[in-house]
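Undergrad:
Numbering (my numbering), first residue to last: 21 to 115.
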C-alpha cells in the first residue's frame, strides 16, 4: 500500500526543506524547537484551540497533556506554537 503520510517531510517536503534551511541559519534555536503534527488534537479529539489549550505535566516518567479552557494567567514557560499563538503549555515541575 502506498499511503501518503498525513504529516511530515513526506507530505510537506517544501515546508520541511525551508524549515531545515532556517534551522541551519539559526542552529541555537534549532535545539529549542520541534515540529509536531496536530492530527490527533484537531481531527480525532476535535480540540478548538481558540477556546482550549493543552496543559502538560510530568507524572511517573510520562508527559500527560489535558485540554482545558484557556487561562491567560497560566505560565508560558514552555509552549507549543500554532499560527503564532501558544496552544500547548506546561505546568511548572514540582519543587
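The beta carbon of each residue, even a glycine, is placed where N, CA and C say it ideally should be. This structure is a prediction, so every number in the text was calculated from the model and none was measured.
When DSSP labels each residue in this structure, what does residue 115 get in the three-state scheme?
TA: Translated into the one-based positions of the chain shown, residue 115 becomes position 95. The pLDDT assigned to residue 115 is 49, lower than 50, so where the model puts this residue is not dependable; a value taken from the coordinates is nonetheless given after this. Looking at residue 115 - three-state DSSP - the assignment turns out to be coil, as it is neither helix nor strand.
Undergrad: Assuming residue 48 is part of the beta strand (DSSP E), what are its boundary residues?
TA: Mapped onto the chain shown, residue 48 falls at position 28. Unbroken run through residue 48 is the alpha helix (DSSP H), 47–50; no beta strand (DSSP E).
Undergrad: Buried or exposed: which applies to residue 35, given that a residue is buried once 16 or more other Cβ atoms fall within 10 Å of its Cβ?
TA: The sequence position of residue 35 within the chain shown is 15, counting from 1. Here residue 35 is exposed. Its C-beta has fewer than 16 other C-beta atoms within 10 Å.
Undergrad: Have a look at residue 44 and residue 103 and give me their C-alpha separation to the nearest angstrom.
TA: The count along the chain shown starts at 1 and reaches residue 44 at position 24. The count along the chain shown starts at 1 and reaches residue 103 at position 83. Looking at the two C-alpha atoms, the distance is approximately 22 Å.
Undergrad: Determine the direct distance from the alpha carbon of residue 60 to that of residue 70, and round the result to whole angstroms.
TA: Against the chain shown, residue 70 aligns to sequence position 50. Against the chain shown, residue 60 aligns to sequence position 40. Distance between the alpha carbons of residue 70 and residue 60 is about 16 Å.
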